[in-house]
Every structure is written in structure tokens, then in C-alpha cells.
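A short worksheet on the structure shown next.
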Amino acid sequence: MSRRKSRIIAFQAIYSWDVSGESLDNLTQFSWVDSKENLDESELTFSRLLIAGTIENIEKVDELIKSHLSENWSFDRLNKVTLSILRISIYSLVFQKEIAPSIVIDEAISIAKEFGPQDSFKFINAMLDKISKEQ
């Protein structure tokens, strides 16, 4: 597993938390992850950090998203996959200063291309770029 896989697991957990209200404890036990993934403890630790940090700071993260939406977009209108990718990425940009913003943005774009709606990566890239320049 890699840091990218850790981020994918974190995004999936945040998505599940948002859609189903799954508890943080259940999400970070990773029983829902495919057993074929060969999960490494250090990478699971990174996933746990992203999940817990994002949820603990969700109000600040969501406020940043809301403040960077154009007038014709509402927070509630955001696709849940896009929102989940934005949430873990903004958490990283704001609270994980040891990770270069370019890495956070590149990873978010890759995850969006794989899992997000068509062209969502462009929206994610633009928002994360603006937020990273403000940090």
C-alpha cells in the first residue's frame, strides 16, 4: 500500500461517514477494506490520521470550501465524492504542513480522476490551488 492508497481509503471513509453516518471508530478499524489490500500498519496510521483529523476539523474545512465556492454553487450541491476528496485534501493543506501542497493537490487530482465525476478534478485543482496559496 502507498500514501495514495492511504488517501483513497481516507476519502472512502469520509464519504461513508458523510453518507451513512458511520462512526469514526468503525471507520478506522478498516474492517470494510478489501482483505486483499495487504495493509501496512504505517499506511493505516496515515489513513487514520487523515480520517480523524478531517472529522475533528470538519467545521473549519467545510467553511474553507464554502468560502471558495462561486456564487452560483451551493455547498449542498457538491457531489459527495468531490466533497470527500476536497475535505481530506484541505485538511492536509491546512493542518499537515510537513506535506508539500503540490503533493496534496496532485494526489487529490489523481483520486478525482479515478473516482470522481467527469472533470471534477479541474474543480478540485482550482479550489485546492487557491486555498494552498492562502496558507
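Residue numbers are given in the working numbering: position 8 of the sequence shown equals residue 73, and the series is strictly consecutive. Ideal placement from N, C-alpha and C gives every residue a C-beta, glycine not left out. Predicted, not measured: the structure shown is a model, and the values here were computed from it.
Item: Cβ contact (3+ pairs, closer than 8 Å) linking the segment 134-150 and the segment 67-87; Value: yes
Item: Test: glutamate 87 CB closer than 8 Å to a CB of chain B; Value: The structure shown contains no chain B; it is built from a single protein chain.
Item: Of the listed residues Ile176, Ser71, Asp184, nearest to asparagine 103 (C-alpha basis); Value: Ser71
Item: Backbone CA spacing between asparagine 137 and methionine 192 [nearest angstrom]; Value: 15 Å
Item: Residue of Gly181, Phe180, Ser139, Asn190 minimising C-alpha distance to isoleucine 155; Value: Asn190
Item: Coarse secondary structure for alanine 177, derived from DSSP in three states; Value: helix
Item: Sufficient close CB pairs (3 or more, under 8 Å) joining the segment 162-173 to the segment 113-123; Value: no
Item: Span separating the alpha-carbon of serine 67 from that of arginine 142; Value: 32 Å
Item: Glutamine 77: first and last residue of the uninterrupted alpha helix (DSSP H) it sits in; Value: 68-85
Item: Range of the contiguous alpha helix (DSSP H) that encloses phenylalanine 111; Value: 106-121
Item: Reference leucine 129, options Arg152, Glu172, Ile74, closest by Cα; Value: Arg152
Item: Classification of isoleucine 168 by the beta-carbon crowding that lies within 10 angstroms, buried from 16 upward; Value: exposed
Item: Reduced DSSP category for serine 157 - H, G, I as helix; E, B as strand; rest coil; Value: helix
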